[in-house]
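Below is one structure; the comments refer to it alone.
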Amino acid sequence: MTQPAPDLDYQAEMLAAKTKHYLITTMGRISTEANNDEFYRAFSYALREEIMINWLATARTQNLRNVRKLYYISLEYLPGRILSNGICNLSAQSIVERVLQKMNRSYKDIIGRESDPALGNGGLGRLASCFLDSLATQNLPAQAYGLRYQYGIFEQQLWEGVQVEAPDCWLLNENPWEFRRDLRKVVVKYCGDTESTTNIHGDEVQKLANYEEVFALPYDIPIIGYSKTRDFSVVTLRLWSTKESPRNFQLQRYNAGSVGQAAENTTLTDVLYPNDNHETGKRIRLKQEFLLVSASLQDIIRHYLTNHDSFRSFADKVRIQINDTHPSLVIAELVRILTFKHDIPWKMAVEMTQACTGYTNHTILSEALEEWDQSLFQYLLPRQYKIVERLNYDFCNALRSKFPNDEHKVQRVSILENGKVRMANLAIMGSHSVNGVAALHTEILKNSVFKDFYDFFPEKFVNVTNGVTQRRWLLGCNPELAKFITKRIGDGWITDFTQIAKLAEFASDVDSQEEFLSIKKKNKQKLIEYIKQENQLHTADGATVLMSPIIDAHSLFDIQIKRIHEYKRQLMNALHLIMLYQEILENPHHNRIKRTAIFAGKAAAGYETAKDIIRLIFCIARRVNKDPAVHNLLKIVYVENYNVSKAEFLIPAADISEQISTAGTEASGTGNMKLAINGALTVGTEDGANIEMRQEIGDQWWPFSFGCSAEEIQKMKSENSYHSRDIYEANPQIRKAVDALRDRSFAQNDDEHHAFSDLYHKLIEMHYGGAPDRYFTLKDLESYYNVQKKVETLFMEPLKWAEYALHNIAGMSKFSIDYSIKNYCEKIWGLAPCPLDSEILDQVRDEFSQQDRCRIY
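Each residue of the sequence shown is one higher than the one before, counting from 1 in the UniProt record's numbering.
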């Protein structure tokens, strides 16, 4: 039986003693002299000792029981700060506060010293991190793989509204939450000459000569499951790096003057999503994807063979989930390894690969379904290309047998077509399961995007709607609201979010409404202070200036936080703000609410239109915030360099959650869920998971739905019946707002005027050579304007607003990531919990205690 935890005072004394120990032994400082960076690292070292015990016990338990294990492969993760999340999931807040008080340190200052791991871009990476939190909390046997990006995607700076990409130096200081594993490094091979031979079954396999060798070195990060006791599980996030392997640097090329080529392999893990608008970027990105796949598969197979002497159980014990198309090379590489290295017959190797692998699709946008140039693919990955060719040959022939008179269908599903390698097609063919991430999204995949595949493999397609972890996104980031909920319904919701439904009983209670509004106001005030202190925007020459307007905590906080993309329609939000501004100027005495509109998000480095939208929002804010005619009725803020830590300030403060993508474009969304469980009301289209959220919360408490449906959008597309100019000419208010894009209302120089005129051109005249306004921004703008009037009316009745907000929180039970993971376990993985073995945990803890006693005393 697991030993009980010592009392709080004893634990606090020990944690303080260990912190002092690490300050001396690793920093060469005593506690009163150490700065906050040094203290943060020493404190993290001390706290992680407890985590290491459970981490080791988790691995030993799973190995002993020889359980089926999930291996999750994703090019992106956004775990946020590890220390604060660990304190939350260990239920260690009170101990930590005692230690810091004893050592005369501020919790806020110490937590703030940790940089956000810059391992992702948006919802895809944050979802992956929510997965890991839930897998650990539910004691599910799992390991995750990614890349250790030295500089992340980039640090976003706004220079007079122009997005400037700077390196995100999150690894500038030593990271106490990663563990370098030199004994687990692997070799990844690119290019070279292939030589055909056969395995023992007569299947053709490829040997490789004159290849390029790259070493991948793993760093492990512990992801801690929530527990109120000491028996928490830990999931490993293993990140591969090419940075720390000297043999990756090609000295002969360097000496020959080819400096860039000499360093290419050491820089493979420098940046997430290198700009692929040029050939070098494309080559590095494909190399990145194969590095992730090859290194991870080598590790998966090594782990499997520690418990097995043959591959008879491989298809039963191993489950691999690929997060979007980026790791689709798993299919080809696993078949190659099984047939070449382990002499598995071709047909069996393909069946084993399909049995092991599941594919999660996150997009219906054709430009996001990866395709690689065949010549580049064949040059970099000649062996894998041969595998893809044969897989495609077999697959197309099987399709011809089922649909003998439909060669067009065969061409549509072919992995190789028109000089391209279609990665989504490879993923679908090589997986046993293909899942969308919201009900609407999955139906679009089945009936449109992948209809031909669905006709052939209907049994493969399933839906698992996304979720978020309520532990980080409510318990951790909004402690006052968490206490409010626990006081009323108990704390069972932390691990069983179905219990949140009980909160509906308090939605009409006036005392609860008033307390909720008080908490919301405190969170707004925290955000205001954060923006004042931290949101440093820049002048055109890069000089830093504090540019925070005076924000009223009583105003409506209208928040849109997500990647900047045309389909997410930040431009529609901006046009609405122009309309509001023009209304205020025309009628300054109109009775209206105060509104603070807050944006945050990065545009991809090569996405010029998205950058123009950021610039427009900045320039609207520049004029509106300084215009005395507006007074305090409207303020606009752009929060620079959006990340998880900034989201933890923004989300609890939101009154309104802007989820306004064109219907049929957003796969699911998870920001919509985070904002809703923190009491924000959704202004949303019928898109992604918004639809299911509305169904669960109920139409009565979901007042701000607007815009065309996905069916209406599809009908207009198919009939070519939408003409944005008709809206522009018919609605004077919209026309005046759109005209502001080209009449220099917000442009102070020619560059700004050109950028905004280009947005006008895309809305009214032409869009990348096609029809204008391809995301139906003007079509939905009138509906959006009208629903925002409903927002203002309801906001004038605070208690009624609070009642709506509490019902929204209460209706969110199905949008916990725990519910999503249970669905994955039942529908796709067949994975069962594997709680820590108490004897193993006690054994590891006893052994640690023996050496610990020697060290401390």
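Note that CB positions come from ideal geometry on N, CA and C, so glycine has one too. Predicted, not measured: the structure shown is a model, and the values here were computed from it.
task: Indicate whether the contact test is met: 3 or more Cβ pairs, each with one atom in the region 470-488 and one in the region 648-662, closer than 8 Å.
output: Inter-segment contact for the region 470-488 and the region 648-662 is present: three or more beta-carbon pairs are separated by less than 8 Å.
query: How would you call D699, buried or exposed, if buried means at least 16 neighbouring beta carbons within 10 angstroms?
result: Residue environment: D699 is assigned as exposed (fewer than 16 neighbouring CB atoms within 10 Å of its CB, all protein chains considered).
task: Express the C-alpha separation of S241 and I856 in angstroms, rounding to a whole number.
output: In this prediction, I856 has a pLDDT of 46, which is less than 50 and means its spatial position is unreliable; what the coordinates show is noted afterwards. Straight-line spacing of the CA atoms in I856 and S241 works out to 35 Å.
- request: Please confirm whether Y156 and Y72 have their CB atoms less than 9 Å apart.
  value: Here residue 156 is Gln; the residue named in the question, Tyr, does not match the sequence. No, these two residues do not count as a Cβ contact at 9 Å.
query: Do you know whose CA, among R569, A504, R184, lies nearest T609's CA?
result: Relative to the Cα of T609, the nearest Cα in the group R569, A504, R184 belongs to R569.
message: The alpha helix (DSSP H) that contains R422, what's its start and end?
response: Premise fails: R422 lies in the beta strand (DSSP E), 420-422, not in any alpha helix (DSSP H).
message: Please report the distance separating the alpha-carbon of A507 from that of A34.
response: If you take the alpha carbons of A507 and A34, they lie about 48 Å apart.
- prompt: In the structure shown, what three-state DSSP assignment does L70 receive?
  reply: It is a strand residue.
- request: Would you check if the distance between the CB atom of A689 and the CB atom of V434 is smaller than 9 Å?
  value: Contact: no.
message: Whole angstroms are fine: how far does the CA of I111 sit from the CA of S84?
response: Each residue's Cα considered, the two are about 6 Å apart.
message: Can you tell me whether S512 is buried or exposed? The criterion is at least 16 other CB atoms within 10 Å of its CB, across all chains shown.
response: Here S512 is buried, its C-beta having at least 16 other C-beta atoms within 10 Å.
- request: Tell me where the alpha helix (DSSP H) around V437 begins and ends.
  value: Note, V437: premise wrong, no alpha helix (DSSP H); not H, not E.
- prompt: Does the separation of the CB atoms of I817 and V462 fall below 9 Å?
  reply: Not a contact, by the Cβ cut-off of 9 Å.
message: Taking contact to mean 3 or more Cβ pairs, one atom from each stretch, closer than 8 Å, check whether the region 554-561 and the region 766-778 are in contact.
response: Contact between the region 554-561 and the region 766-778 is absent: fewer than three C-beta pairs spanning the two stretches fall below 8 Å.
- prompt: To the nearest angstrom, how far is it from the Cα of C396 to the Cα of I428?
  reply: If I take the Cα positions, the gap works out to 13 Å.
task: Check whether the Cβ atoms of L794 and F516 lie closer than 9 Å to each other.
output: No.
query: By a C-beta neighbour count over all protein chains shown, 10 Å radius and 16 as the cutoff for buried, is M812 buried or exposed?
result: Answer is buried; the Cβ neighbour count reaches 16.
message: Using only the alpha-carbon positions, how far apart do A12 and V99 sit?
response: Distance between the alpha carbons of A12 and V99 is about 5 Å.
- prompt: Whose C-alpha, out of A349, A810, Y273, is nearest the C-alpha of residue 861?
  reply: No statement about residue 861 is possible, as the shown extent of the chain runs from 1 to 857 and does not include it.
message: Report the CB separation of L158 from E640 in whole angstroms; it is logged as a contact under 8 Å.
response: Sure, about 5 Å apart at Cβ, within 8 Å.
task: To the nearest angstrom, report how far apart N535 and S548 are at their CA atoms.
output: Cα to Cα, N535 sits roughly 7 Å from S548.
query: Do you know how far the Cα of Q659 is from the Cα of L365?
result: Per the coordinates, the alpha-carbon of L365 lies some 18 Å from the alpha-carbon of Q659.
message: I'd like the span of the beta strand (DSSP E) that includes D193, first residue to last.
response: Taken as a continuous stretch (DSSP letters only), the beta strand (DSSP E) holding D193 covers 193-198.
query: What residue from S94, K243, A653 has the CA that sits closest to Y10's CA?
result: If we check each option's Cα against that of Y10, S94 comes out closest.
First and last residue of the uninterrupted beta strand (DSSP E) at F215: Its beta strand (DSSP E) spans residues 212-224.
field: Rounded C-alpha distance that separates K317 from N643
entry: Straight-line spacing of the CA atoms in K317 and N643 works out to 36 Å.
- prompt: Does the region 703-719 come close enough to the region 778-791 to have 3 or more Cβ pairs within less than 8 Å?
  reply: Contact between the region 703-719 and the region 778-791 is present: 3 or more CB-CB pairs across the two stretches fall below 8 Å.
Three-pair Cβ contact test at 8 Å for the region 537-546 versus the region 576-588: Flag = no, the region 537-546 and the region 576-588 do not touch.
message: If contacts are defined as beta-carbon pairs under 8 Å, then Y149 and T269 qualify, I think. What distance do you get, rounded to the angstrom?
response: About 6 Å; that satisfies the 8 Å criterion.
- prompt: So, do the region 218-238 and the region 52-61 have three or more beta carbon pairs nearer to each other than 8 Å?
  reply: Cβ pair count under 8 Å is three or more, so yes.
Host alpha helix (DSSP H) of W493 (start-end): Premise fails: W493 is in no alpha helix (DSSP H) and is neither H nor E.
task: Evaluate R238 with the Cβ neighbour count: other Cβ atoms within 10 Å of its Cβ, from every protein chain shown; 16 or more gives buried, anything less gives exposed.
output: Around the beta carbon of R238, 16 or more other beta carbons lie within 10 angstroms, which makes this residue buried.
C-beta atoms of S757 and L741 nearer than 9 Å: In this structure, L741 lies closer than 9 Å to S757 by Cβ.
Where L474 sits in the DSSP three-state scheme: Looking at L474 - three-state DSSP - the assignment turns out to be helix.
- prompt: Mapping DSSP to helix, strand and coil, what is Q138?
  reply: Here Q138 sits in coil by DSSP.
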